[in-house]
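In the working numbering, the protein residues as written are 247 to 422.
Working notes, structure below.
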Amino acid sequence: MPDFSFETEAAVQGYTAIAGVDEVGRGPLCGPVTAAAVILDPDHIPDGLRDSKKLTDRKRRLLFTQIMDTAMVGVAHASVAEIDEINILQASHLAMVRAIENLPKPADFALIDGNRAPITRDDLMLELHAQYPGYGWAKNAGYPTKEHLVALKSLGITPHHRRSFKPVHNILYQEE
247 MPDFSFETEA
257 AVQGYTAIAG
267 VDEVGRGPLC
277 GPVTAAAVIL
287 DPDHIPDGLR
297 DSKKLTDRKR
307 RLLFTQIMDT
317 AMVGVAHASV
327 AEIDEINILQ
337 ASHLAMVRAI
347 ENLPKPADFA
357 LIDGNRAPIT
367 RDDLMLELHA
377 QYPGYGWAKN
387 AGYPTKEHLV
397 ALKSLGITPH
407 HRRSFKPVHN
417 ILYQEE
């Protein structure tokens, strides 16, 4: 469990709407980058809350439900077109700003951390997998696994692939 020392320090300084912000999806070859901003109720912090990368999918989804029931949440994406136009780092920042703007109550302090974004993006990739089943997105979430790279070569590039990412770019322009 995190110690919430940053949140505590912000509260001591007088901040009351402290948002944790997280992004997911910087590494995959396809799909948006997703960010979430979460203002937790200090009296209802879910048990087991910690870095989402250290949680099982089952625990992450359980925490997701608890957070959605007790916290203020803003979610946003930066599109594939935005990623290709401004680069993945800037697109991540854009998604984070949008997520903060999408909070139901304005945040007066933001920490770059949180637990909401992975579930939203994973669910989106499951929807895309239903439209494009050959790429294995239900399992690889768009990351460059062997299955995904083979599918890129055999099935081609979808509108959801990031053309600025090297494996996709190389296939588009037949570069090795």
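Quick reminder that beta carbons are idealized off the backbone N, C-alpha and C, glycines included.
Three-way DSSP call (helix, strand, coil) for residue i in this model
i: proline 379; result: helix
i: aspartate 354; result: coil
i: alanine 317; result: coil
i: histidine 290; result: coil
i: histidine 415; result: helix
i: threonine 280; result: strand
i: aspartate 268; result: strand
i: alanine 256; result: helix
i: glutamine 312; result: helix
i: alanine 387; result: coil
i: arginine 306; result: helix
Residues sharing a beta bridge with residue i, DSSP
i: histidine 323; result: Thr280
i: histidine 407; result: Cys276
i: isoleucine 285; result: Met318
Whole-number beta carbon distance between residue j and residue i, since they are thought to touch under 8 angstroms
i: alanine 283; j: proline 352; result: No, alanine 283 and proline 352 are not in contact; Cβ-Cβ is about 11 angstroms, not under 8 angstroms.
i: alanine 322; j: arginine 306; result: In fact, because the Cβ distance is near 19 angstroms, the residues do not count as touching under 8 angstroms.
i: valine 267; j: methionine 318; result: In fact, because the Cβ distance is near 13 angstroms, the residues do not count as touching under 8 angstroms.
The alpha helix (DSSP H) enclosing residue i, as first and last residue numbers
i: leucine 335; result: 334-347
i: alanine 263; result: Segment: none, alanine 263 is in no alpha helix (DSSP H) and carries neither H nor E.
i: alanine 397; result: 392-401
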